[in-house]
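Structure first, commentary second.
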Amino acid sequence: MNLSLRKVALAASCVLFASQLMAEPKRPECIAPASPGGGFDLTCKLAQSALVNEKLLTKPMRVTYMPGGVGAVAYNAVVAQRPADAGTLVAWSSGSLLNLAQGKFGRFDESAVRWLAAVGTSYGAIAVKSDSPYKTLDDLVKALKKDPSSVVIGSGGTVGSQDWMQTALIAKAAGINPRDLRYVALEGGGEIATALLGGHIQVGSTDISDSMPHIQSGDMRLLAVFSEKRLDEPEMKDIPTAKEQGYDIVWPVVRGFYLGPKVSDEDYAWWKDAFDKLLASEDFAKLRDQRELFPFAMTGPELDTYVKKQVADYKVLAKEFGLIQ
Numbered sequence: 673m674n675l676s677l678r679k680v681a682l683a684a685s686c687v688l689f690a691s692q693l694m695a696e697p698k699r700p701e702c703i704a705p706a707s708p709g710g711g712f713d714l715t716c717k718l719a720q721s722a723l724v725n726e727k728l729l730t731k732p733m734r735v736t737y738m739p740g741g742v743g744a745v746a747y748n749a750v751v752a753q754r755p756a757d758a759g760t761l762v763a764w765s766s767g768s769l770l771n772l773a774q775g776k777f778g779r780f781d782e783s784a785v786r787w788l789a790a791v792g793t794s795y796g797a798i799a800v801k802s803d804s805p806y807k808t809l810d811d812l813v814k815a816l817k818k819d820p821s822s823v824v825i826g827s828g829g830t831v832g833s834q835d836w837m838q839t840a841l842i843a844k845a846a847g848i849n850p851r852d853l854r855y856v857a858l859e860g861g862g863e864i865a866t867a868l869l870g871g872h873i874q875v876g877s878t879d880i881s882d883s884m885p886h887i888q889s890g891d892m893r894l895l896a897v898f899s900e901k902r903l904d905e906p907e908m909k910d911i912p913t914a915k916e917q918g919y920d921i922v923w924p925v926v927r928g929f930y931l932g933p934k935v936s937d938e939d940y941a942w943w944k945d946a947f948d949k950l951l952a953s954e955d956f957a958k959l960r961d962q963r964e965l966f967p968f969a970m971t972g973p974e975l976d977t978y979v980k981k982q983v984a985d986y987k988v989l990a991k992e993f994g995l996i997q
C-alpha cells in the first residue's frame, strides 16, 4: 500500500472510530426525580417525544421515576452509582438549583454533574380549587394575616424549597413571618394537584405548566402567576400576575437535563449536538408550547455558567431567609 493510500485508510478508520464513539446511546433513559404527573415528568416526556420526532433517537427514551428530596435522591444515585452511564438523562428545574444552593443534595454540589441542556421555562403560581373562597391573592393574604396557621399550603419539598420560597416571598411582602405558615411537604406538582383537588390542602404553591390541565378542566384556579407580565397564551391571558396585584415577585422555573459526571466528552458532545438541533427546530417549539412551556434554550458551557450563577444567587436569597449561614 503506498503512502497516500495509507493516509486515506487511516483517515477513514479515524472517521469510523469517531462515529462509533458518538453513536446513539443504547437504552436511553430519562429519570424524572419525582412522582408521575409533575414538572419533571413533563420535562422527560417532552424530550422523549421530541428526540424521536426529530429522528435524533431511533426509539423513545424510557421515562423512570425516582422521587425523594425533590431531586436529591436521583442526583446522588446518578453521581455515586451511575456516573458514566451515557444513556441516562436526569431532569432538573430551578428548584433543583435552589436546593443545591442550600446543600440539600448532601455531599454533592453543583459541580458534581455535567449540565447538558435547558429546554424551556415555566413560572411559579399559586393554585386553589375552583370553589375556593380565595378569589385573589389579596384574599389569601388577608386570611394569612388573620391566622397564618389557618391555611394549609402544599408545596413541593420542605422549608426552603422553590415552592416554599414563592409563598415565603408573598408572606415577607405582606409583613408575615414565613415560618408561621402551615405547610405540607409533597413530592412535586403531581402530588400537589392531587392533594389540592382532594381537599387535603387549601392552596398549592406550584407552577403554571403543572396546573394548566386542571385549569382547563375547570377543577382549579390560579390566584397569581409569578411572571413579569401576563402570559401571551389564549388559556393563560386572564391569569393575573403577582406584580399587578402589588406583590413584586417573579419566579421563572427553568427546566432541563444533566448527565453523570464521568460521561465521556464524546457522549456528552453527542447529546449536546442532539439538543442543539432540537432547540433550533420549529416542531420542537410547537411541542414545548403544547406542554405550557416558554422558550429558554441553553446547552453546554453556557448552561454550566448559568447554573453556577443561579446557585450563587439562590445562596444569597437563602441567607436572607435564614435558611443557610
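Here the sequence shown is numbered in our numbering, starting from 673 and rising by one per residue.
Glycine residues also receive a C-beta, built at the ideal position from the N, C-alpha and C atoms.
Model, not experiment: these values are computed from the prediction.
- Residue 990: member of the alpha helix (DSSP H) spanning 972-992, first to last residue.
- Put simply, the region 853-863 does not touch the region 887-903. Fewer than three CB pairs are less than 8 angstroms apart.
- Residue 870 is classed as exposed because its beta carbon has fewer than 16 other beta carbons within 10 Å across all chains shown.
- Every alpha helix (DSSP H) of 4 residues or more that sits fully in the region 921-981 is shown, in chain order, as 937-951 and 954-962.
- For residue 903, no beta strand (DSSP E) segment is defined, and its DSSP state is neither H nor E.
- For residue 844, the enclosing alpha helix (DSSP H) begins and ends at 834-845.
- For residue 873, the secondary structure class from DSSP, reduced to helix, strand or coil, is coil.
- For the 8 angstroms CB-CB criterion, residue 816 and residue 853 form a contact.
- Between the alpha carbons of residue 933 and residue 727 lies a distance of about 26 angstroms.
- Proximity to residue 926 across 865, 840 and 787 peaks at 787, based on C-alpha coordinates.
- Every unbroken stretch of the alpha helix (DSSP H) spanning 4 or more residues and falling wholly within the region 708-735 is given here in chain order: 711-725.
- Relative to the Cα of residue 994, the nearest Cα in the group 851, 746 and 951 belongs to 851.
- Taking a C-beta distance under 8 angstroms as the contact criterion, residue 876 and residue 887 do not qualify as a contact pair.
- Between residue 718 and residue 963 a beta carbon distance of about 5 angstroms is seen, short of the 8 angstroms cut, so the two are scored as contacting.
- The shortest C-alpha to C-alpha distance from residue 736 to any of 729, 706 and 722 is the one to 706.
- With 16 or more other CB atoms across the displayed protein chains lying within 10 angstroms of its CB, residue 697 is buried.
- Within its own chain, the residues whose Cβ lies closer than 6 angstroms to the Cβ of residue 990, once the five positions on either side in sequence are excluded, are 773, 774 and 996, listed in chain order.
- Taking one beta carbon from each stretch, the region 747-758 and the region 913-926 have fewer than 3 pairs nearer than 8 angstroms; the two do not touch.
- Under the DSSP assignment, residue 746 falls in the alpha helix (DSSP H) whose first and last residues are 744-753.
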